[in-house]
């Protein structure tokens, strides 16, 4: 399941970068396979829990698997949503903010791949590194958000494409959040304790006020 979701995210990032409509369209139906994995794993976990009293170490592993499948399913959804919005963005004129969004995509993909490696190798230090490195994606998101809103304000013809870019960027930012959630699950698996302090979040875009453009003789506004 992890390999499939990673492939989906990789494909979504590449399709967005290349403005590849066909590749984006091909990704969307694959999300049903991710959902099938999720349902199958959850059913197996429930059957295992119902069948016997598990020792603590194995119980932690089962609980971690339940957590991971939920996180993976959500990343699969995000990859599908990115692919859908790529269909729209790729048919519009190229926009400068798209380069920043592509950088975000690569950063979030790197985070996600690193945390999957940390899980497969049971590497606690690597998991902590991903958990502590989420600020990079957050900072990229804040920068990209400012660039996108500026592009919309200065050129009304870019509003449609830039709106989709905002959602794509936010989806990439959410991939980073899911990677940190997986890091916390790995910490619980390997230590039996929770990471009680959340990594500092820097989503300044949530509180950014965007002023409407001033245009003489025009009622055009962005709200």
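In the working numbering, the protein residues as written are 435 to 657.
Just so you know, even glycine gets a beta-carbon here, dropped at the ideal spot from N, CA and C.
If the five residues before and after residue 471 are omitted, its C-beta is found closer than 6 Å to the C-beta atoms of 435, all from its own chain and listed in chain order. For residue 483, the three-state secondary structure derived from DSSP is helix. Residue 548 and residue 473 have their C-alpha atoms roughly 25 Å apart. Here the region 508-517 makes contact with the region 592-610; the two share three or more CB pairs at distances below 8 Å. By the Cβ neighbour-count rule, residue 600 is buried, with 16 or more other Cβ atoms within 10 Å of its own.
Rounded to whole angstroms, the Cβ separation of residue 505 and residue 616 is 5 Å, and the two are in contact under 8 Å. When secondary structure is reduced to three states using DSSP, residue 566 falls in the helix class. Taking the C-beta atoms as reference points, residue 501 is found no nearer than 8 Å to residue 628. Of the residues assessed, residue 493 falls on the exposed side of the cut-off, its CB having fewer than 16 other CB atoms within 10 angstroms. Sixteen is the threshold: since fewer than 16 other Cβ atoms of the shown chains lie within 10 Å of the Cβ of residue 555, the residue is exposed. Here residue 621 is near residue 561, since their CB atoms are less than 8 Å apart.
Minimum Cα-Cα distance from residue 437 among the listed residues 467, 570, 460 and 529 corresponds to 467. For residue 531, the enclosing alpha helix (DSSP H) stretches over residues 531-555. For the pair residue 545 and residue 571, the CB atoms are nearer than the 8 Å cut-off. Judged by their CB atoms, residue 529 and residue 604 are not nearer to each other than the 8 Å cut-off. The distance from the Cβ of residue 450 to that of residue 536 is about 6 Å, consistent with a contact at the 8 Å cut-off. In the DSSP assignment, residue 518 falls within the alpha helix (DSSP H) that extends over 490-523.
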